[in-house]
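What follows is a short report on a single structure.
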Amino acid sequence: MKLDTHTFDALILGGGGAGLRSALALTLAGHQVAVVSKVFPTRSHTVAAQGGINAALGNITEDNWEWHMYDTIKGSDFLGDQDAIEFMCREAADIVRELEHFGVPFSRLENGKIYQRAFGGQNLNFGQEQAHRTCAAADRTGHAILHSLYQQNLHAGTRFFDEYYALDLLKDTHGNIGGLMVMNIHDGRYHVLQSRHILIATGGAGQVFRNNTNASINTGDGLGMVLRAGLPLQDMEFWQFHPTGVAGKGMLISEAVRGEGGVLKNSLGEDFMQRYAPHAKDLASRDVVARAIAIEVKEGRGCGPNKDYVLLDLTHLDDATIKQRLPGIRDISLTFLGVDPAVEPMPVFPTCHYMMGGIPTDIHGRVVTPDENGEQQIVKGLYAVGECACVSVHGANRLGGNSLLDIVVFGREAAKTISHELHQNRREKTQQAGSPETALCLDAVRQRIARWQNPAPSTDTLAAIRKALQHTMEMGCGVFRNQASMQHALQQLLLLQQRLEQVTLSDHSQVFNLQRLAAYELENLLAVAFATVHSALNRTESRGAHSRVDYPQRDDSAWLRHTLYFSAGHRLDYKPVNLHPKHHAAFAPTARTY
Ligand SMILES: Cc1cc2nc3c(=O)[nH]c(=O)nc-3n(C[C@H](O)[C@H](O)[C@H](O)COP(=O)(O)OP(=O)(O)OC[C@H]3O[C@@H](n4cnc5c(N)ncnc54)[C@H](O)[C@@H]3O)c2cc1C
Numbered sequence: 002m003k004l005d006t007h008t009f010d011a012l013i014l015g016g017g018g019a020g021l022r023s024a025l026a027l028t029l030a031g032h033q034v035a036v037v038s039k040v041f042p043t044r045s046h047t048v049a050a051q052g053g054i055n056a057a058l059g060n061i062t063e064d065n066w067e068w069h070m071y072d073t074i075k076g077s078d079f080l081g082d083q084d085a086i087e088f089m090c091r092e093a094a095d096i097v098r099e100l101e102h103f104g105v106p107f108s109r110l111e112n113g114k115i116y117q118r119a120f121g122g123q124n125l126n127f128g129q130e131q132a133h134r135t136c137a138a139a140d141r142t143g144h145a146i147l148h149s150l151y152q153q154n155l156h157a158g159t160r161f162f163d164e165y166y167a168l169d170l171l172k173d174t175h176g177n178i179g180g181l182m183v184m185n186i187h188d189g190r191y192h193v194l195q196s197r198h199i200l201i202a203t204g205g206a207g208q209v210f211r212n213n214t215n216a217s218i219n220t221g222d223g224l225g226m227v228l229r230a231g232l233p234l235q236d237m238e239f240w241q242f243h244p245t246g247v248a249g250k251g252m253l254i255s256e257a258v259r260g261e262g263g264v265l266k267n268s269l270g271e272d273f274m275q276r277y278a279p280h281a282k283d284l285a286s287r288d289v290v291a292r293a294i295a296i297e298v299k300e301g302r303g304c305g306p307n308k309d310y311v312l313l314d315l316t317h318l319d320d321a322t323i324k325q326r327l328p329g330i331r332d333i334s335l336t337f338l339g340v341d342p343a344v345e346p347m348p349v350f351p352t353c354h355y356m357m358g359g360i361p362t363d364i365h366g367r368v369v370t371p372d373e374n375g376e377q378q379i380v381k382g383l384y385a386v387g388e389c390a391c392v393s394v395h396g397a398n399r400l401g402g403n404s405l406l407d408i409v410v411f412g413r414e415a416a417k418t419i420s421h422e423l424h425q426n427r428r429e430k431t432q433q434a435g436s437p438e439t440a441l442c443l444d445a446v447r448q449r450i451a452r453w454q455n456p457a458p459s460t461d462t463l464a465a466i467r468k469a470l471q472h473t474m475e476m477g478c479g480v481f482r483n484q485a486s487m488q489h490a491l492q493q494l495l496l497l498q499q500r501l502e503q504v505t506l507s508d509h510s511q512v513f514n515l516q517r518l519a520a521y522e523l524e525n526l527l528a529v530a531f532a533t534v535h536s537a538l539n540r541t542e543s544r545g546a547h548s549r550v551d552y553p554q555r556d557d558s559a560w561l562r563h564t565l566y567f568s569a570g571h572r573l574d575y576k577p578v579n580l581h582p583k584h585h586a587a588f589a590p591t592a593r594t595y
């Protein structure tokens, strides 16, 4: 196999908000940077973010970063690392102003300031009245941010490998990170991209579940790569199920709808959230609202012929609010439900939305892994930011509006780290330029490529296995889980693994790049599913989005710690939660009510 080789100071794997924010800073700092993306960058999932980005700007009510920090820690069910959360909340106001200067067209208040809406789990004064902290560009905030960042990158001169699929990290003979194996999706040819600094920003993996809000490309490729490189994933038992997906389909109806005044109702017409969260009601934290909906349906108070959803009602809002603040939601509702939300309530049900876990990093974006003594060590040359990373600012449950913040804050910070290291090590930079391809170990990735190279007859298909995987995860490891449901899921996953080992790409006419790509993605989805089920089975408590029917209580004495999962032998390890913020006293875990 002939391989073209290209060398860069830094490689950014992923053209979503996280990758583009990092790339921009590195290009502006004068480094040779390439962004690799399996889709055209502005099609990355960031484009779909609706509701907004959090920052305590105080444009509507008084606000400050300490209140934001407290809400994020409480929202995380105290599993979030307090140093990282503090860092993110302190950076928030500055990073939103920076986005404004990059050209993000935020919605405005009468006085010209950025519009901020109410979002779930966010309060003033350490848990008192509802906050208005989520800065929005109508209900298309992610679209506005991603396009602005892409334009800034074009202007700065960042190099793009659009529609290139990255298979695996490459190490040199000393075990150091040295490059990426990628496939050009157009012609199916493989290339080696060399760099001593690789940042993974591959986004989420919501495609592990049948009903989800994610783009179909969100298959956890960066996570699969990291596991194959012998590194762990952190807190993979924590998946956010968004309370309001389009019933039966899964697309997102943003929390902005409830932020603007929308109310959830059951078949009796009750505003049932009053019973579950008497204070915050419909704007309680997402895990709380998702569970409430699942319980209403389970107890027979669901709506529709099969009583399998609840209604999200905003018919009492005036037309102007809906058209001005929620135009995208109205479109989604009309397209996928045939319902005009100004006239009729929308059928909704929880849907997999966000991955709180991911590649463990420190607050500078550097990937970390424990050594044989359990001490956390930095993996030289490897960085991760955005939804694929676990820094961990979301802990066991993310607050709406905090992911767009996470991706730009840590995107910028990781770029600072890489730039600093590149400047410090000019010598290394000159040495690496022109170093031959043979310096990298290619055997493992060549085997993976060979596995999917030769077509042969097969009755099974990749599509059937992917579908079964999504179904297994939804049934066994969804909003509510228990030992039996997860053990069953694990057995199914083992069978799916066997099927994946045996299936071939049988149709000659289609054994082309897209079929191979589907195979690589499925390998990653399965790796993520195993990480999830093993991590979830072992955590015998309920915390945030991890709700075990058989262990309904949070257990801080045993479980106030992060899970680390290694794919070799499905080994688990644990590390403490950081309870040492720098500028504010720590928040001790307390009972979490809304
Ligand atoms: C419908 C929806 C609405 C949301 N709304 C909000 C909101 O209002 N506020 C908020 O804070 N958060 C929101 N979120 C969450 C937030 O949008 C995401 O967590 C965030 O945008 C992820 O950004 P990212 O840069 O990490 O990844 P992404 O934007 O998903 O980008 C991932 C990139 O990696 C590339 N990639 C992946 N694998 C490979 C591979 N193998 N080879 C090459 N390239 C690869 C992709 O091409 C893509 O460019 C929402 C999420 C969804 C799904």
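Using my numbering, the letters of the sequence shown map in sequence onto residues 2 to 595.
All C-beta atoms in this analysis are idealised placements derived from N, C-alpha and C, irrespective of residue type, glycine included.
Keep in mind the model is a prediction, meaning the values are calculated, not measured.
Check your understanding: Under 8 angstroms, do Leu573 and Pro361 count as touching if we go by C-beta distance?
Key -> Here the question's residue 573 lines up with position 572 in the sequence shown. Here the question's residue 361 lines up with position 360 in the sequence shown. Contact: no.
Practice item. With DSSP collapsed to three states, give me the class of Tyr165. Key: Start at 1 with the first residue of the sequence shown, and residue 165 comes out as number 164. Tyr165 falls in the strand class under three-state DSSP.
Review point. Where Lys576 and Ile379 are concerned, what is the direct C-alpha to C-alpha distance, given to the nearest angstrom?
Key: Taking the sequence shown and counting its residues from 1, the one referred to as residue 576 is at position 575. Taking the sequence shown and counting its residues from 1, the one referred to as residue 379 is at position 378. Here the alpha carbon of Lys576 sits roughly 15 angstroms from the alpha carbon of Ile379.
**Study point:** 8 angstroms CB neighbourhood of Arg118 in its chain, flanking five on each side removed
**Key:** Residue 118 sits at position 117 when you count from the first residue of the sequence shown. The answer, listed in chain order, is Gly52, Gly53, His133, Thr135, Ala137, Ala257, Gly260, Glu261 and Arg326.
Exercise for review: Let me know if Phe162 comes out buried or exposed under the rule of 16 or more other beta-carbons within 10 Å of its beta-carbon.
Suggested key: The sequence position of residue 162 within the sequence shown is 161, counting from 1. Its Cβ being crowded by 16 or more others within 10 Å, Phe162 is buried.
Point to revise | Beta-carbon proximity list for Leu125, same chain, < 8 angstroms, skipping 5 on both sides | key: Counting from one through the sequence shown, the residue named residue 125 turns up at place 124. Cβ within range, chain order: Thr62, Glu63, Asp64, Trp68, Gln131 and Ala132.
Review point. Taking 7 angstroms as the line, does the beta carbon of Pro42 fall inside it for any heavy atom of ligand 1?
Key: One-based indexing of the sequence shown puts residue 42 at position 41. Yes, the Cβ of Pro42 comes within 7 angstroms of a heavy atom of ligand 1.
Review point. Would His198 pass as a contact of Ile408 if the rule is Cβ separation under 8 angstroms?
Key: Sequence index remark: in the sequence shown, residue 198 carries index 197 (1-based). Sequence index remark: in the sequence shown, residue 408 carries index 407 (1-based). Not closer than 8 angstroms, so no.
Check your understanding: What does Phe242 pair with, by DSSP beta-bridge criteria?
Key -> Mapped onto the sequence shown, residue 242 falls at position 241. Paired residues: Cys353.
Exercise for review: For the alpha helix (DSSP H) holding Ala139, just list the boundary residues, first then last.
Suggested key: Translated into positions along the sequence shown, residue 139 becomes position 138. Neither: Ala139 is in no alpha helix (DSSP H) and is coded neither H nor E.
Check your understanding: Do you know how far the Cα of Asp95 is from the Cα of Lys3?
Key -> Taking the first residue of the sequence shown as position 1, residue 3 is located at position 2. Taking the first residue of the sequence shown as position 1, residue 95 is located at position 94. Going from the Cα of Lys3 to the Cα of Asp95 covers about 47 angstroms.
Review point. Quick one: does Lys3 have its CB under 8 angstroms from some CB of chain C?
Key: No chain C appears in the structure shown, which is made up of a single protein chain.
Check your understanding: Looking at the unbroken beta strand (DSSP E) that takes in Tyr191, where does it start and where does it end?
Key -> Within the sequence shown, the letter at position 190 stands for residue 191. Counting along the chain, the beta strand (DSSP E) containing Tyr191 begins and ends at Tyr191 to Gln195.
Exercise for review: Would you check whether ligand 1 has a heavy atom nearer than 7 angstroms to the C-beta of Lys250?
Suggested key: Against the sequence shown, residue 250 aligns to sequence position 249. No, the beta carbon of Lys250 sits no closer than 7 angstroms to any heavy atom of ligand 1.
Exercise for review: Inspect the beta-carbon positions of Val394 and Ala85 and report whether they are closer than 8 angstroms.
Suggested key: Along the sequence shown, one-based indexing puts residue 394 at 393. Along the sequence shown, one-based indexing puts residue 85 at 84. Yes, the pair counts as a contact, with Cβ atoms nearer than the cut-off.
Check your understanding: If we ignore side chains and look at the alpha-carbon of each, how far apart do Phe9 and Val34 end up?
Key -> For the purposes of this step, residue 9 is identified with residue 8 of the sequence shown, where counting begins at 1. For the purposes of this step, residue 34 is identified with residue 33 of the sequence shown, where counting begins at 1. C-alpha of Phe9 to C-alpha of Val34: approximately 6 angstroms in a straight line.
Review point. Does ligand 1 have even one heavy atom less than 7 angstroms from the beta-carbon of Asp222?
Key: For the purposes of this step, residue 222 is identified with residue 221 of the sequence shown, where counting begins at 1. The answer is yes for Asp222.
Exercise for review: Have a look at Gly17, Lys308 and Leu234 and flag the residue whose alpha-carbon is nearest the alpha-carbon of Thr47.
Suggested key: Looking up residue 47 in the sequence shown gives position 46. Answer by Cα proximity: Gly17.
Review point. So does the stretch 245–256 actually touch the stretch 173–192, counting three or more Cβ pairs closer than 8 angstroms?
Key: no
Review point. What do you reckon, is the C-beta of Ile86 under 7 angstroms from a heavy atom of ligand 1?
Key: Stepping through the sequence shown from its first residue, residue 86 is reached at position 85. Result no, Cβ not under 7 angstroms from ligand 1.
Check your understanding: Going by the C-beta, is Leu573 closer than 7 angstroms to any heavy atom of ligand 1?
Key -> Walking along the sequence shown from the start, residue 573 turns up at place 572. No - ligand 1 has no heavy atom lying nearer than 7 angstroms to the Cβ of Leu573.
**Study point:** Which listed residue (Lys381, Trp240, Gly225 and Asn579) has its alpha carbon closest to that of Ala569
**Key:** Within the sequence shown, numbered from 1, the residue matching residue 569 stands at position 568. Of the listed residues, the one whose Cα sits closest to Ala569 is Gly225.
Practice item. Would you list the residues sitting across from Pro577 in a DSSP beta bridge? Key: As a first step, residue 577 must be located in the sequence shown, where it is residue number 576. Arg562, per the DSSP bridge assignment.
Review point. From what residue to what residue does the alpha helix (DSSP H) around Ala528 run?
Key: For the purposes of this step, residue 528 is taken as the residue at position 527 of the sequence shown. That run of the alpha helix (DSSP H) goes Asn514 to Asn539.
Exercise for review: Using a threshold of 8 angstroms, state whether the C-beta atoms of Tyr679 and Arg292 are closer than that.
Suggested key: With the chain covering 2 to 595 only, the question about residue 679 has no answer from this structure.
Check your understanding: Going by C-alpha distance, which of Gln498, Met70 and Gly358 is nearest Val392?
Key -> Counted from its first residue, the sequence shown places residue 392 at position 391. Residue Gly358 is the option with its Cα nearest to Val392.
Point to revise | Run of the alpha helix (DSSP H) containing Val34, from where it starts to where it stops | key: In the sequence shown, residue 34 corresponds to position 33, counting from 1. Per DSSP, Val34 belongs to no alpha helix (DSSP H); it is in the beta strand (DSSP E), Val34 to Ser38.
Exercise for review: Count the other CB atoms, across all protein chains shown, that sit within 10 Å of the CB of Phe41; report buried if there are 16 or more and exposed otherwise.
Suggested key: For this step, residue 41 is matched to residue 40 along the sequence shown. By the neighbour-count rule (16 or more Cβ atoms within 10 Å), Phe41 is not buried but exposed.
Check your understanding: What does Ala89 pair with, by DSSP beta-bridge criteria?
Key -> Numbered from its first residue, the sequence shown carries residue 89 at position 88. According to the sequence as given, residue 89 is Met; it is not Ala. DSSP output for Met89 lists no bridge partner at all.
Practice item. Drop a sphere of 10 angstroms on the beta-carbon of Thr322, count the other beta-carbons inside from all chains shown, and report buried for 16 or more, exposed for fewer. Key: Stepping through the sequence shown from its first residue, residue 322 is reached at position 321. Under this definition Thr322 is an exposed residue.
Review point. What span of residues does the alpha helix (DSSP H) with Ser227 cover, start to end?
Key: Stepping through the sequence shown from its first residue, residue 227 is reached at position 226. In the sequence under discussion, the amino acid at residue 227 is Val, which differs from the Ser named in the question. Looking at the DSSP string, the run of the alpha helix (DSSP H) that includes Val227 is Asp222 to Arg229.
Check your understanding: So what does DSSP say about His7, is it helix, strand or coil?
Key -> Here residue 7 refers to the residue found at position 6 when the sequence shown is read from its first residue. For His7, the secondary structure class from DSSP, reduced to helix, strand or coil, is strand.
Review point. Of all the alpha helix (DSSP H) runs that stay within the bounds of the stretch 13–86, which reach a length of 4 or more residues?
Key: 18–29 and 66–76
Exercise for review: Determine contact between the stretch 285–300 and the stretch 267–274, defined as no fewer than three beta-carbon pairs at a distance below 8 angstroms.
Suggested key: yes
Review point. CB Asp314 to CB Lys266, shorter than 8 angstroms?
Key: Taking the first residue of the sequence shown as position 1, residue 314 is located at position 313. Taking the first residue of the sequence shown as position 1, residue 266 is located at position 265. Cβ distance < 8 angstroms, so Asp314 and Lys266 count as in contact.
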